[in-house]
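Numbering (UniProt numbering), first residue to last: 1 to 346.
Input: a single structure, listed below in structure tokens.
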């Protein structure tokens with residue numbers, strides 16, 4: 001196949017490259033060459049392993065492509081430019097109806113560095129146990145106060161708020177008990193992600209009042225999945241609370257479906273994408289590569305445990321948590337696999 005393009009593709013703004021039978025680049029759009037900072041002629045004949053800054057990852061994924069008309073998404077890919085330097089992007093490995101394969105690139109210059117899927121479970125566990133010990137007694141006091149308050153309020157609206165306080169205290173007490181005395185994970189149950197987000201929204205409205213606009217952008221067609229609703233409420237509430245504390249005027253709670261997505265080294269036919277976006281200050285540059293580590297916080301009063309815990313919950317569900325950020329636009333993305341049967345690597 002020639003490296004020259006038909007006129008219909010020559011003006012495409014999307015970086016595209018197609019592969020020959022051996023997995024080498026047979027051609028590309030000018031946008032692809034421009035993104036890598038080299039000429040199209042220099043790219044033709046390069047193998048995927050030569051472009052992949054992470055080694056053989058892309059080459060190993062090629063056999064996972066569906067036979068015809070399918071695609072596989074690779075999040076947070078790191079590509080090496082033949083001209084020097086690295087580029088970051090979400091990639092689609094696509095197989096056309098006639099069997100041809102190509103690479104579709106969605107550049108993402110905002111990636112902050114190392115993939116935040118790397119965690120420190122031991123350090124996080126120790127930090128969480130220390131925190132759990134400190135908050136166990138205050139929680140008991142809050143529970144008693146909520147019960148007394150419930151007897152003194154008359155309006156339905158006030159009772160609803162008191163019930164919310166009681167439910168959250170119970171949930172946190174259960175979390176503390178699990179942190180202090182770890183037990184085997186609870187069996188997952190059918191979970192509606194929008195019911196989880198609705199609980200998070202209620203918490204956010206109580207904390208922020210009218211100071212922040214909470215925008216729901218849900219895909220109503222999303223199916224239920226196997227999960228732990230309480231743990232997911234905790235994880236997503238941590239993300240939303242960070243957004244509220246960032247000086248944001250607007251916070252978006254968004255859900256979408258992801259098809260043929262790769263999470264870690266496992267491909268899934270279907271996953272849920274949950275995004276918590278805000279227009280606040282953004283993640284400070286000096287914390288960009290460390291925000292998922294325990295005890296790292298950009299606020300003097302912060303514990304530095306919210307994001308590590310959220311990431312741990314994502315991993316418990318076989319999912320992932322990542323983010324991109326700049327001033328005025330921060331998005332945390334939680335991916336949760338739906339299928340009980342991951343796509344085979346064969």
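Glycine is no exception: its CB is placed at the ideal position from the N, C-alpha and C atoms.
None of the values given here were measured: they were computed from a predicted structure.
Rounded to the nearest angstrom, how far is the Cβ of residue i from that of residue j, given a contact under 8 Å?
i           : j           : result
residue 197 : residue 236 : 7 Å
residue 19  : residue 92  : Between residue 92 and residue 19 the Cβ distance is about 13 Å, and since that is not below 8 Å, they are no contact.
residue 201 : residue 164 : Wrong, their Cβ atoms sit about 12 Å apart, outside the cutoff.
residue 246 : residue 330 : 7 Å
residue 243 : residue 251 : 5 Å
residue 282 : residue 241 : So it is not a contact: roughly 16 Å between Cβ atoms.
Quick one: using the 10 Å Cβ neighbour count with 16 as the cut-off for buried, is residue i buried or exposed?
i           : result
residue 114 : At residue 114 the pLDDT is 45, less than 50, meaning the model places this residue with poor confidence; the figure from the coordinates comes in the next sentence. Exposed is the call here.
residue 147 : exposed
residue 15  : buried
residue 158 : exposed
residue 168 : buried
residue 319 : buried
residue 228 : buried
residue 325 : buried
residue 27  : buried
residue 41  : exposed
residue 317 : buried
residue 327 : exposed
residue 238 : buried
residue 140 : exposed
residue 284 : exposed
residue 13  : exposed
residue 84  : exposed
residue 258 : buried
residue 66  : exposed
residue 322 : buried
residue 186 : exposed
residue 308 : buried
residue 95  : buried
residue 216 : exposed
Considering only residues of the same chain and omitting the five flanking positions on each side of residue i, which have a CB-CB separation below 7 Å?
i           : result
residue 256 : 219 and 273
residue 35  : 15, 87, 105 and 107
residue 162 : 146, 149, 150 and 153
residue 249 : 212, 213 and 279
residue 45  : 24 and 25
residue 137 : none
Hey, could you find the ends of the beta strand (DSSP E) residue i is sitting in?
i           : result
residue 224 : Note, residue 224: premise wrong, no beta strand (DSSP E); not H, not E.
residue 252 : 250-263
residue 314 : That residue, residue 314, is in no beta strand (DSSP E); its alpha helix (DSSP H) goes 306-316.
residue 320 : 320-326
residue 53  : Where residue 53 is concerned, there is no enclosing beta strand (DSSP E), given that its DSSP letter is neither H nor E.
residue 281 : First-last for residue 281: undefined, no H or E at that position.
residue 86  : 86-95
residue 331 : 329-337
For the alpha helix (DSSP H) that contains residue i, what are its first and last residues?
i           : result
residue 238 : 229-244
residue 15  : Careful: residue 15 lies outside any alpha helix (DSSP H) and carries neither H nor E.
residue 59  : 57-61
residue 65  : That residue, residue 65, is in no alpha helix (DSSP H); it is neither H nor E in DSSP.
residue 108 : Element bounds for residue 108: n/a, residue is neither H nor E.
residue 36  : 30-36
residue 41  : 40-43
Please confirm if residue i has its CB atom under 8 Å from at least one CB of chain D.
i           : result
residue 208 : Here chain D cannot be found, since the structure has a single protein chain.
With a threshold of 6 Å on Cβ separation, who are the neighbours of residue i within its own chain once the five nearest residues in sequence on each side are excluded?
i           : result
residue 313 : 231 and 235
residue 277 : 252 and 331
residue 89  : 77, 105, 106, 107 and 108
Counting only the same chain and skipping the five closest in sequence on each side, list residues whose C-beta sits under 8 Å from that of residue i.
i           : result
residue 53  : 78, 79, 80 and 86
residue 205 : 214
residue 59  : 23, 47, 48, 49 and 52
To test your reading of the DSSP string, which unbroken beta strand (DSSP E) runs of 3 or more residues are found completely within the segment 140-222?
189-191 and 213-217
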